[in-house]
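Asks:
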Amino acid sequence: MPDSNNNSYVVISGGTGANSFVSAFGSSPAFVLPVSDDGGSSAEILRCFGGPSIGDIRSRLIRLIPVVQDADSIEDKEIEAIYNLMAFRFPADVPDKLSKDIWEEIVEGRGSLWQDIGEDKRECIRAFLVHFQTLCLRRAHKRFSFRNFSLGNGFLTGARELFGSLPSAIFLFKSIAGLNAGVQVIPVINTNHTITIAAKLANDHTLVGQCNISHPIPAAETLNGTSDTLLRQPHPVSQAALLLHSRRRDSRTFDTTSFLSSVDTSSFDEIRGSLDTPVETASDGNLGYRKGEHEEPLEAPIERIFYINPYGQEIFPDPNPSFLAALSSRSTLVYSCGSLYTSIVPTLALRGVATAIATSSTLRAKVLFLNVVNDRETPGYTAIEYVDAVVSTLRRSDRPHKHGTSRGNGSAWPDSKLVSHLVYLEEGAVEVDPAAIEALGVKIVMVPKNIYGDTTLFSQQAVQWAMAQILPT
């Protein structure tokens with residue numbers, strides 16, 4: 007559905023990379039997100055229940071809830087309350103007993119988080135939280151931990167399990183939270199199974215799982231206190247099946263919390279105060295992870311990202327048909343800034359995506375937003391290496407060999423058919439060689455400092471300015 011300027015967007019991103027400027031894409035964009043995050047609140051859900059990762063999807067859905075500042079109408083207050091409920095995250099540094107007490111208060115419909123939510127929506131939301139509780143009881147031997155638990159993840163998991171469909175759970179979330187009907191939030195793979203990615207390094211080692219690629223942690227810091235050495239070490243892909251029995255850990259998911267400060271948590275404090283159990287302060291692995299903190303460099307550069315099955319064999323999943331439909335109906339494709347190899351590339355390493363992008367009759371621009379700084383996944387990268395990572399992934403995965411290998415195969419689409427523009431900030435730390443980029447047939451747009459201000463980050467204003475240069479109205 008196009009906006010007033012006749013631009014309609016399909017945005018490829020992770021759960022956090024575009025959160026600060028989602029409103030720049032109009033009222034009805036299509037957001038395509040990976041389902042391979044194996045950490046954080048999602049990690050505990052995957053450990054106990056399996057299924058696709060929903061952390062990035064939940065983060066984007068919450069960011070899209072149309073909260074009104076200083077809400078005064080009943081409807082606006084209800085939307086803000088639903089936002090606060092779905093964005094609520096349990097404390098990570100408390101005993102499991104306290105976390106369960108907090109959960110019981112919420113699932114029973116008590117506490118301040120339910121204030122201002124009408125009975126009809128309250129009972130609808132609560133029904134799926136009750137179903138999540140049923141899942142926990144059915145798998146009581148798994149001892150699900152509610153520490154650092156995201157309530158939005160619990161709702162989506164309960165709905166997905168009941169419907170047997172993640173898209174149906176997303177539809178329900180959108181309906182309850184009042185999201186614009188034209189907005190699409192698309193899991194890049196439509197599945198009810200757990201999805202795992204792996205990274206082949208330049209030294210021939212293989213890292214299995216998003217956490218190992220983006221932010222591994224010492225074995226002694228796992229949540230259950232058991233050794234997890236295998237998970238930290240570079241793996242031959244054939245050992246990936248052993249990960250099915252390991253404890254998954256946190257990832258770089260994010261919740262916008264600007265409205266949570268107004269939530270009255272006194273009832274939770276009363277529960278906390280009634281317990282004699284001391285608050286646990288020991289490290290719990292990646293439960294409290296924040297991007298950019300304590301990042302250890304990779305032992306070798308990443309050569310490629312690929313999907314594996316539970317037995318460690320490389321597979322080539324089909325993309326969600328809704329993703330392909332968006333590519334064939336929208337006018338602008340955006341590769342968002344964010345974690346290159348664990349957020350962007352997993353949405354591209356799927357069969358047929360390159361051809362869908364290159365042959366789309368509606369796409370007028372295919373725009374790559376360059377990261378402002380490099381991270382653990384991209385040490386020392388220049389702009390041309392970002393472009394190469396995108397186009398080489400698309401080509402390699404476009405037409406995989408029928409016997410299950412992409413070596414010596416793939417498509418030959420020119421760079422400019424897959425990426426038409428590169429957008430970067432004037433004072434960004436990633437080096438840009440305009441001549442080298444333009445030699446690929448890719449046009450360059452530099453956003454000047456006076457547009458984005460003193461903070462060198464992409465903002466709604468910066469993105470809208472850049473898109474106006476690419477597709478003037």
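Start counting the sequence shown at 7; every next residue gets the next number (the numbering used here). Even for Gly, the Cβ is constructed at its ideal location relative to N, Cα and C.
Can you confirm whether the stretch 146-164 touches the stretch 63-79 when touching is taken to mean that 3 or more C-beta pairs between the two stretches lie within less than 8 Å?
Replies: Yes, they touch.
Asks: Taking all protein chains shown into account, decide if G318 is buried (16 or more other Cβ within 10 angstroms of its Cβ) or exposed.
Replies: Buried: at least 16 other Cβ atoms inside 10 Å.
Asks: Got a sec? Which residues, its chain only, sit under 8 Å from F265 by beta carbon, not counting five neighbours each side?
Replies: Because F265 carries a pLDDT of 43, less than 50, the predicted location of this residue cannot be relied on, and the following value inherits that uncertainty. V73, E86, Y89, N90 and A93, listed in sequence order.
Asks: I'd like to check one pair, F27 with V396: are the Cβ atoms closer than 7 Å?
Replies: Not in contact: V396 and F27 (Cβ atoms no closer than 7 Å).
Asks: Buried or exposed: where does A24 fall if 16 or more other Cβ atoms within 10 Å of its Cβ makes it buried?
Replies: Answer is buried; the Cβ neighbour count reaches 16.
Asks: Could you have a look at T338 and say whether DSSP puts it in helix, strand or coil?
Replies: The answer is strand: DSSP assigns T338 an E or B state.
Asks: For I308, which of E383, T22, I457 and K455 has the nearest alpha-carbon?
Replies: The residue with the shortest Cα to Cα distance from I308 is E383.
Asks: Does F375 come out as helix, strand or coil in the three-state DSSP assignment?
Replies: It is a strand residue.
Asks: Hey, could you find the ends of the alpha helix (DSSP H) A468 is sitting in?
Replies: A468 -> alpha helix (DSSP H) spans Q466 to I476.
Asks: Which first and last residues belong to the alpha helix (DSSP H) in which Q190 is found?
Replies: Per DSSP, Q190 belongs to no alpha helix (DSSP H); it is in the beta strand (DSSP E), Q190 to P193.
Asks: Tell me whether F37 sits in a helix, a strand or coil according to DSSP, three-state version.
Replies: Strand.
Asks: In whole angstroms, give me the CA-to-CA distance for C142 and L168.
Replies: So the two alpha carbons sit approximately 14 Å from each other.
Asks: Quick one: is D76 buried, meaning 16 or more other Cβ sit within 10 Å of its Cβ, or exposed?
Replies: It counts as exposed.
Asks: Taking the alpha helix (DSSP H) that H427 belongs to, which residues open and close that run?
Replies: Taken as a continuous stretch (DSSP letters only), H427 belongs to no alpha helix (DSSP H), being part of the beta strand (DSSP E) at H427 to L431.
Asks: For C343 and V438, I'd like the C-alpha separation in whole angstroms.
Replies: So the alpha carbons of these two residues sit roughly 15 Å apart.
Asks: Rounded to a whole number of angstroms, what is the C-alpha to C-alpha distance between A30 and W419?
Replies: Between A30 and W419, the C-alpha separation is close to 29 Å.
Asks: Could you tell me which whole beta strand (DSSP E) segments of length 3 or greater appear in the stretch 190-219?
Replies: Runs of the beta strand (DSSP E) inside the stretch 190-219: 190-193, 202-207 and 212-214.
Asks: So what does DSSP say about R95, is it helix, strand or coil?
Replies: DSSP places R95 in strand when its eight states are reduced to three.
Asks: Per DSSP, what kind of secondary structure is Y313 in: helix, strand or coil?
Replies: DSSP places Y313 in strand when its eight states are reduced to three.
Asks: Tell me which residue opens and which closes the alpha helix (DSSP H) that Y392 is part of.
Replies: Counting along the chain, the alpha helix (DSSP H) containing Y392 begins and ends at A389 to D404.
Asks: On the criterion of 16 or more Cβ atoms from any shown chain inside 10 Å, does E444 qualify as buried, or is it exposed?
Replies: Label assigned to E444: exposed.
Asks: Apart from the five residues on each side of it in sequence, which residues of its chain come closer than 8 Å, Cβ to Cβ, to V136?
Replies: Counting only Cβ-Cβ distances below 8 Å, and skipping sequence neighbours, we find V113 and G164.
Asks: I need the boundaries of the beta strand (DSSP E) containing I18, first residue and last residue.
Replies: Residues Y15 to I18.
Asks: Measure the CB-CB distance between V191 and L67 and report whether it falls below 7 Å.
Replies: The answer is yes: Cβ separation under 7 Å.
Asks: Taking contact to mean 3 or more Cβ pairs, one atom from each stretch, closer than 8 Å, check whether the stretch 37-52 and the stretch 207-217 are in contact.
Replies: The answer is yes - the stretch 207-217 touches the stretch 37-52, with three or more Cβ pairs under 8 Å.
Asks: Within 10 Å of its beta-carbon, does F448 have 16 or more other beta-carbons around it, so buried, or fewer, so exposed?
Replies: First, the residue type needs correcting, since residue 448 is Val and not Phe in the sequence shown. Classification for V448: buried.
Asks: Across which residues does DSSP place I85 in a beta bridge pair?
Replies: Paired residue(s): none; I85 is not in a bridge.
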